[in-house]
Amino acid sequence: MRGAECQWGVCDDAQMDGVSFDALLTASGAALLAAVDTAYDGGNALAVARRFRRGHDPPQVAAALTQIELRRRAIDKLGADAHVMYFTPQGLEQATPRLVAEHRARRVVGLGHSTLLDLGCGIGSDLIAFARSGLSVTGVDKDPVMAAVAAANLAAMGLTGSVEVGSAEQQPRHEYDVVFLDPSRRTSAGRTFDPATYSPPWSFVEEVLSGEAVVKVAAGIAHRLVPAGVEAEWVSLDGRLKEAALWSAGADGGGARATVLRSDGSSHSLTGADADAADPGTAEVRTVGGFVYEPDDAVIRAHLVTSVAGMVDGWLLDPHLAYVSSDRDVATPFARRYAVIETLPFKERPLRAALRTRDVGPLTIKKRGIQITPETLRSRLALTGSTPATVIVTRTPGSAVVLLVEPLA
379 MRGAECQWGV
389 CDDAQMDGVS
399 FDALLTASGA
409 ALLAAVDTAY
419 DGGNALAVAR
429 RFRRGHDPPQ
439 VAAALTQIEL
449 RRRAIDKLGA
459 DAHVMYFTPQ
469 GLEQATPRLV
479 AEHRARRVVG
489 LGHSTLLDLG
499 CGIGSDLIAF
509 ARSGLSVTGV
519 DKDPVMAAVA
529 AANLAAMGLT
539 GSVEVGSAEQ
549 QPRHEYDVVF
559 LDPSRRTSAG
569 RTFDPATYSP
579 PWSFVEEVLS
589 GEAVVKVAAG
599 IAHRLVPAGV
609 EAEWVSLDGR
619 LKEAALWSAG
629 ADGGGARATV
639 LRSDGSSHSL
649 TGADADAADP
659 GTAEVRTVGG
669 FVYEPDDAVI
679 RAHLVTSVAG
689 MVDGWLLDPH
699 LAYVSSDRDV
709 ATPFARRYAV
719 IETLPFKERP
729 LRAALRTRDV
739 GPLTIKKRGI
749 QITPETLRSR
759 LALTGSTPAT
769 VIVTRTPGSA
779 VVLLVEPLA
């Protein structure tokens with residue numbers, strides 16, 4: 379690790395050099411990792427460093443401590459694999475969550491591909507998923523340490539595949555059935571959400587998508603940037619938007635797709651062409667019905683809110699807000715649903731009185747299209763009751779309202 383301040387503890391901003399990483403792959407390095415893992419409790423880094431520096435070089439001890447800390451942080455994202463994988467701080471930050479990577483690998487295999495080139499493979503989280511799915515994989519990264527980490531992670535998983543150091547633009551893409559590209563979205567100033575600053579540049583992304591390819595992009599990518607004939611897929615995991623991916627025309631003919639993944643392994647996808655959904659943009663706007671649906675973030679980003687309205691025989695509460703209402707209770711993986719108990723005025727005094735009458739205390743506030751801060755409103759209401767409640771603050775065709783609702787399973 380670099381920096382004197384990293385010699386005795388966990389270094390979030392440090393970059394691992396090749397010598398430190400290679401040392402971790404030796405028998406003595408593996409023994410050190412195991413010993414540090416046992417001794418480190420998350421808050422005693424300095425004590426652990428002092429203990430192990432007696433028999434090891436300080437940079438190697440710092441590298442082991444940082445590695446163990448990163449493995450523990452990675453469990454939520456990568457599951458049990460994290461216990462034996464290797465990381466860099468930046469590599470872990472950029473790694474695809476395991477369930478998202480496995481979903482993508484299933485789609486690639488389902489399209490009939492057997493060989494894959496992973497450009498910008500990072501620490502290899504996607505490479506592992508592709509290899510596990512049965513694909514013959516080659517990873518490429520311009521960072522020698524990142525490439526070494528990816529190769530070590532394939533080996534740690536007992537998977538075959540090759541990893542090379544090189545430039546994405548110079549690889550023989552024609553030798554593979556499909557290309558997966560994960561362009562860097564980080565500049566010297568930090569993370570970037572502007573495709574114009576991607577590395578490789580956006581022009582290369584478009585070139586790759588002219589063949590059989592999948593490109594991982596930031597979830598905030600604008601629809602107007604998606605090339606003609608390319609499908610843009612937004613993916614959420616347990617209700618949280620994780621990323622977007624662009625699929626070349628060889629996938630499903632373009633358009634937008636929302637994919638909703640759950641930790642229980644379930645997966646559901648929605649496109650504007652689905653037979654049981656209204657065409658995007660056709661839902662009418664009406665006042666509140668018996669139920670309100672809050673579409674998943676992936677659905678919202680894919681501009682498929684009105685498709686959800688079609689699925690539940692519903693309508694929009696406002697043409698610009700992602701709330702759907704209906705008089706039918708329809709379970710759907712693409713939206714959370716709520717039963718409407720009462721419509722209350724969006725005025726502080728009568729709202730406070732109505733909630734106090736119901737002995738409301740803990741209050742969950744959801745809102746769209748209204749300039750309020752839930753924390754501020756909750757404080758101003760000063761509720762002291764014992765009954766938990768959920769309210770939705772939103773615009774409707776008539777006025778802004780507060781909907782007292784009951785979340786449904």
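Basically my numbering = 1-based index in the sequence shown + 378.
Virtual Cβ for every residue (Gly too), placed ideally from N, Cα, C.
Keep in mind the model is a prediction, meaning the values are calculated, not measured.
Cβ-Cβ distance between residue i and residue j below 8 Å
i       : j       : result
Leu-587 : Val-608 : yes
Val-515 : Asp-496 : yes
Pro-578 : Pro-605 : no
Ser-704 : Val-683 : no
Leu-619 : Arg-679 : yes
Val-518 : Glu-542 : yes
Leu-494 : Asp-555 : yes
Val-779 : Ile-743 : no
Leu-786 : Arg-730 : no
Ser-503 : Lys-520 : no
Val-718 : Gly-668 : yes
CA-to-CA distance, residue j to residue i, given in whole angstroms
i       : j       : result
Arg-736 : Arg-449 : 47 Å
Gly-396 : Gly-643 : 37 Å
Gly-457 : Val-593 : 24 Å
Thr-466 : Ala-401 : 15 Å
Ile-501 : Leu-513 : 18 Å
Glu-611 : Gly-617 : 15 Å
Ala-591 : Ala-767 : 47 Å
Arg-451 : Thr-474 : 14 Å
Assumed close pair residue i, residue j - CB separation to whole angstroms, cut-off 8 Å
i       : j       : result
Ile-446 : Asp-415 : 5 Å
Leu-505 : Gly-539 : 6 Å
Leu-334 : Val-670 : Since the first residue shown for the chain is 379 and the last is 787, residue 334 is missing from the structure and cannot be characterised.
Leu-411 : Gln-438 : The Cβ separation is near 10 Å, so there is no contact.
Ala-622 : Ala-596 : 7 Å
Thr-774 : Val-686 : With 8 Å as the limit, Thr-774 and Val-686 do not qualify as a contact, their Cβ atoms being about 18 Å apart.
Ala-525 : Ala-507 : The pair is not a contact, with the Cβ atoms about 18 Å apart (cut-off 8 Å).
Ser-398 : Ala-441 : 4 Å
6 Å Cβ shell around residue i - same chain, five flanking residues per side excluded
i       : result
Pro-711 : Val-638 and His-646
His-552 : none
Ala-661 : Thr-684, Ala-687, Trp-693 and Leu-694
Cut-off 8 Å between Cβ atoms - residues of its own chain near residue i, not counting five sequence neighbours on either side
i       : result
His-698 : Gly-747
His-481 : Val-613, Thr-637, Leu-639 and Ser-645
Thr-732 : The sequence as given places Ala at residue 732; Thr does not occur at that position. Glu-720, Leu-722 and Leu-782.
Val-487 : Ser-511, Gly-512 and Leu-513
Beta-ladder partner(s) of residue i, from DSSP
i       : result
Ala-610 : Leu-624 and Ala-634
Gly-517 : Asp-496 and Val-541
Thr-768 : Thr-742 and Val-783
Val-557 : Leu-495 and Ala-591
Leu-723 : Here the sequence assigns Pro to residue 723, which means Leu is not the residue at that position. Its beta-bridge partners are Val-779.
Phe-669 : Ser-704 and Ala-717
Contacting residues, own chain, Cβ-Cβ under 7 Å from residue i (five flanking each side not counted)
i       : result
Leu-403 : Ala-530
His-434 : Leu-410
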